[in-house]
Amino acid sequence: EAQVTQNPRYLITVTGKKLTVTCSQNMNHEYMSWYRQDPGLGLRQIYYSMNVEVTDKGDVPEGYKVSRKEKRNFPLILESPSPNQTSLYFCASSIPTGLKSGELFFGEGSRLTVL
Amino acid sequence: GQSLEQPSEVTAVEGAIVQINCTYQTSGFYGLSWYQQHDGGAPTFLSYNALDGLEETGRFSSFLSRSDSYGYLLLQELQMKDSASYFCAVPLTGTASKLTFGTGTRLQVTL
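See below:
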């Protein structure tokens, strides 16, 4: 089954404790991206990757890091989480032609709470 | 920059037709996408319009007017399971490296 898998799905952590949210896709997609979703603000892009070893900032990259060492994986790293990073996070993937037709495949989401 | 405006909430009766509007402002334009998201779930791609006119996919249709920077999603024969949030989105022109989403319209289908 074609899918984007995120882990963990739910996490409660404390300020300053480093954490990683993993994302893996099995569709051989070149493009991957991270979004966060907050009430009233919609989905905002954090980082994206057009291919292996190619990453770039989105609209809200502060406090986050990413890496793309393999095509299928695109982990999101919070080096020192803060309460304002409490959010619902989505990983998404696509092929280049899919990008221009606005079609992304999303993971099920990771709900993160930072106390 | 890019911005999209949608109504925040819409309520409709089961079996009825509902239209969710989206107006956008972009410096360039590839097309307009629509996504559905149930509470606690992932956004799911519904449709994409690159050209003016109506695209139909089963009970859902999407319309685009490039000259008016306007589009809408039309849901017919509403079912309770259609209760969800609906987002319009536009790809960033050039690299298409980002989808910019509207803030979403919450649709409540009632009996």
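The listed protein sequences correspond, in order, to chains A and B. Per the numbering used here, residue 12 is the first one in the first sequence, and the count goes up by one each step. Per the numbering used here, residue -6 is the first one in the second sequence, and the count goes up by one each step. The C-beta atom is built at its ideal place from N, Cα and C for all residues, glycine as well.
DSSP-derived helix/strand/coil call for residue i
i, result
"M38 (chain A)", "coil"
"L100 (chain B)", "strand"
"T93 (chain B)", "strand"
"G64 (chain B)", "strand"
"D75 (chain B)", "helix"
"P0 (chain B)", "coil"
"T31 (chain A)", "strand"
"I10 (chain B)", "coil"
"Q(-5) (chain B)", "coil"
"Q69 (chain B)", "coil"
Own chain, CB closer than 6 Å to residue i, minus 5 neighbours either side, in chain order
i, result
"G27 (chain A)", "S91"
9 Å Cβ cut-off: residues of chain A touching residue i
i, result
"S26 (chain B)", "S112, G113, E114 and L115"
C-beta contact flag for residue i and residue j at 7 Å
i, j, result
"Q(-1) (chain B)", "G64 (chain B)", "no"
"S(-4) (chain B)", "Q30 (chain B)", "no"
"A82 (chain B)", "G113 (chain A)", "yes"
"G69 (chain A)", "G97 (chain B)", "no"
"N84 (chain A)", "S44 (chain A)", "no"
"Y79 (chain B)", "I13 (chain B)", "yes"
"S62 (chain B)", "D45 (chain B)", "no"
"G118 (chain A)", "V32 (chain A)", "no"
"V63 (chain A)", "K82 (chain A)", "yes"
Contacts that residue i makes with chain B (C-beta to C-beta distance below 9 Å)
i, result
"M61 (chain A)", "T88 and S90"
Closer than 7 Å at the beta carbon, the chain B residues around residue i
i, result
"F85 (chain A)", "The premise fails here: F85 (chain A) is roughly 14 Å from chain B at the closest Cβ pair, so nothing lies under 7 Å."
"Q56 (chain A)", "K91"
"G74 (chain A)", "Result: empty, since nearest Cβ-Cβ is about 19 Å, beyond 7 Å."
Neighbour list for residue i in chain B, Cβ cutoff strictly below 8 Å
i, result
"L22 (chain A)", "Correct list: empty, because the minimum Cβ distance to chain B is about 15 Å."
"E119 (chain A)", "G34 and A35"
"G27 (chain A)", "Chain B residues near G27 (chain A): none, gap ~28 Å exceeds 8 Å."
Within chain A, partners of residue i - CB distance below 7 Å
i, result
"V82 (chain B)", "The sequence shown places Ala at residue 82 (chain B), not Val. G113, listed in chain order."
"Y23 (chain B)", "K111"
Spatial neighbours of residue i in its chain, beta-carbon cut-off 7 Å, leaving aside the 5 residues before and after
i, result
"M61 (chain A)", "E41 and Y42"
"P72 (chain A)", "I57 and Y58"
"A77 (chain B)", "Q29, Q30, H31 and L100"
8 Å Cβ shell around residue i - same chain, five flanking residues per side excluded
i, result
"L92 (chain B)", "S26, A82, V83, P84 and L85"
"V6 (chain B)", "L71, V102, T103 and L104"
"L126 (chain A)", "I23, T24, V25, T26 and P94"
Within chain A, partners of residue i - CB distance below 8 Å
i, result
"G8 (chain B)", "Per Cβ cutoff of 8 Å: no residues; G8 (chain B) is ~29 Å from chain A at best."
Neighbour list for residue i in chain D, Cβ cutoff strictly below 9 Å
i, result
"L52 (chain A)", "Any reference to chain D falls outside this structure, whose protein chains are A and B."
**Request:** Within the region 38 to 124 of chain A, note down every full beta strand (DSSP E) run reaching 3 residues or more, in order along the chain.
**Result:** Listed in chain order, they are 42 to 49, 53 to 62, 65 to 68, 87 to 89 and 98 to 105.
**Prompt:** Which runs of the alpha helix (DSSP H) fall wholly inside the region 17 to 65 of chain B and span at least 4 residues, in chain order?
**Reply:** None, since the region 17 to 65 of chain B contains no complete alpha helix (DSSP H) of that length.
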